[in-house]
Amino acid sequence: MNKHRQNPFIHAMRGILETARTERNFKIHLICAVVAVAAGSWIHLSTSDWLWITFCIALVFALELLNTAIEAVVDLLSPASHPFAKKAKDAAAGAVLIGAIFALIVGASIFLPKLGHFFFD
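Take a look at the structure:
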């Protein structure tokens with residue numbers, strides 16, 4: 073049996089941890105996720121709000137991991153600057169940006185009304 077197929081969970085976790093260790097933007101998203109979870113616990117979010125928050129966190133992390141993978145493959149295949157390499161990297165970064173903006177909109181729509189009531193009622 074192929075050694076890489078024996079425990080895909082270990083390889084997946086290794087990829088996540090390596091990305092968290094080496095990628096600045098992943099660390100920023102991780103901090104935002106921790107803040108969102110802490111704030112959600114503090115204001116006692118509903119089940120549906122938690123589903124939206126966890127979906128957004130998972131979406132942004134998944135997109136960041138894909139972006140990192142695409143960048144690594146592009147760097148491997150095209151170490152010299154090339155317009156197609158730039159296009160691939162920019163598109164992958166754009167996907168992360170769209171996901172992060174979506175997460176910000178969802179987070180604002182969930183947290184702002186609740187925090188407003190918490191501070192002003």
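Convert by adding 72 to the 1-based position in the sequence shown; the result is the number in the working numbering. Cβ atoms here follow ideal geometry from the backbone N, Cα and C, with glycine treated the same way.
Within 8 Å, strictly: CB atoms of residue i and residue j
i, j, result
"residue 188", "residue 137", "no"
"residue 163", "residue 146", "no"
"residue 133", "residue 101", "yes"
Between the CA atoms of residue j and residue i - distance to the nearest angstrom
i, j, result
"residue 176", "residue 124", "11 Å"
"residue 144", "residue 192", "48 Å"
"residue 139", "residue 160", "9 Å"
"residue 109", "residue 185", "17 Å"
"residue 71", "residue 179", "Look at the range of the chain in this structure, 73 to 193, and you will see that residue 71 is not part of it."
"residue 105", "residue 149", "33 Å"
"residue 121", "residue 142", "32 Å"
"residue 153", "residue 89", "28 Å"
"residue 182", "residue 166", "24 Å"
"residue 151", "residue 79", "31 Å"
"residue 91", "residue 112", "26 Å"
"residue 96", "residue 116", "30 Å"
"residue 171", "residue 135", "7 Å"
"residue 84", "residue 118", "31 Å"
"residue 169", "residue 98", "12 Å"
8 Å Cβ cutoff, residue i in contact with chain D
i, result
"residue 124", "The structure shown contains no chain D; it holds only a single protein chain."
Residue range of the alpha helix (DSSP H) that includes residue i
i, result
"residue 139", "119-149"
"residue 95", "It is not in any alpha helix (DSSP H) - residue 95 carries neither H nor E in the DSSP assignment."
Original post:
So does the region 164-180 actually touch the region 126-136, counting three or more Cβ pairs closer than 8 Å?
Top reply: Contact annotation: the region 164-180 touches the region 126-136, with at least three C-beta pairs closer than 8 Å.
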